[in-house]
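Counting with UniProt numbering, you get residues 1 to 158 for the letters of the sequence shown.
In what follows, a structure is listed as structure tokens, so that the remarks can point back to it.
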Amino acid sequence: MKLVAVTSCPTGIAHSQMAAENLLQAGERLGHDIDVEVQGAMGTQDELSADAIAEADAVIITSDTSVSRDRFDGKLVLKGTVKDGVNNAEAVVEKAVELAEAGKTGSVTFGSGDDGEDADADAGTDDSSGDAATSDEPVRRGGDPEKGLFARLKKLFS
């Protein structure tokens, strides 16, 4: 299966690259062809070509920033956080393949707070309004502070 992905985070220094690498490795491990574009502090790296997008069966966006979806019209678009790309890349790729094989189109939100329902998958609507705060549970961003970039730099220089 042919997949394309975009990763992006607010700082764009490490997490978007880690998510891209994990998505590439997971896609290859599962036997799929995947191209990943990284949007970060250094601009856009490995920009997706129009041909790659046209050939794609599904689009994966793991981003904590706004990513324009105009170029993905008519495609199945899965949207999650960078954390999903870093920590659950294999599950993200499997979900994209599952929905693409089922013939779903439109926008699907997945990830850490996803309950597994695909109600919006065939609605064909763009769910870019960012209504993540609709649940009663607080949204936790980031991971273990002991494993963060600043913690690692502190250990390196101490």
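Where a beta carbon is used, it is the ideal one built from N, C-alpha and C, also for glycine.
Determine the DSSP secondary structure at residue i, reduced to helix, strand or coil.
i, result
"serine 49", "coil"
"aspartate 84", "helix"
"glycine 27", "helix"
"alanine 89", "helix"
"valine 67", "coil"
"lysine 104", "coil"
"lysine 79", "strand"
How big is the Cα-Cα spacing for residue i and residue j?
i, j, result
"glycine 80", "glutamate 94", "14 Å"
"serine 158", "alanine 151", "11 Å"
"valine 67", "isoleucine 60", "11 Å"
"methionine 18", "glycine 85", "8 Å"
"alanine 50", "phenylalanine 110", "25 Å"
"glycine 43", "leucine 156", "27 Å"
"lysine 154", "arginine 71", "41 Å"
"methionine 1", "isoleucine 34", "8 Å"
Less than 7 Å separating the Cβ of residue i from some heavy atom of the ligand ADP?
i, result
"valine 82", "The ligand ADP is absent from the structure shown, which contains no ligand whatsoever."
Based on Cα-Cα distance, which residue from the options lies nearest to residue i?
i, options, result
"aspartate 57", "Val86, Glu28, Glu101", "Glu101"
"threonine 105", "Val77, Gly111, Glu47", "Val77"
"glutamine 39", "Pro10, Phe150, Asp51", "Pro10"
"glycine 31", "Lys155, Ala54, Val97", "Val97"
"aspartate 46", "Lys2, Val6, Thr65, Asp33", "Val6"
"alanine 91", "Leu48, Lys2, Arg29", "Arg29"
For residue i, which residues of its own chain have a beta-carbon under 6 Å away from its beta-carbon, when the five flanking residues on both sides are left out?
i, result
"alanine 89", "Asn22, Leu23, Ala26"
"aspartate 73", "none"
"serine 63", "Ser8"
To which residues does DSSP link residue i through a beta bridge?
i, result
"leucine 3", "Ile34, Ala58"
"serine 16", "BP columns for serine 16 are empty, so no partner."
"glycine 74", "DSSP lists no partner for glycine 74."
"threonine 109", "Lys79"
"serine 8", "Gln39, Ser63"
For residue i, which residues from the same chain have a beta carbon less than 8 Å from its beta carbon, with the 5 sequence-adjacent residues on both sides left out?
i, result
"alanine 54", "none"
"alanine 41", "Thr11, Gly12, Ile13"
Between residue i and the rest of its own chain, which residues show a CB-CB distance below 7 Å, the 5 nearest in sequence each way excluded?
i, result
"histidine 15", "Cys9, Val82, Val86"
"valine 36", "Ala5, Thr7, Ala20, Leu23, Leu24, Asp46"
"alanine 52", "Val4, Asp35"
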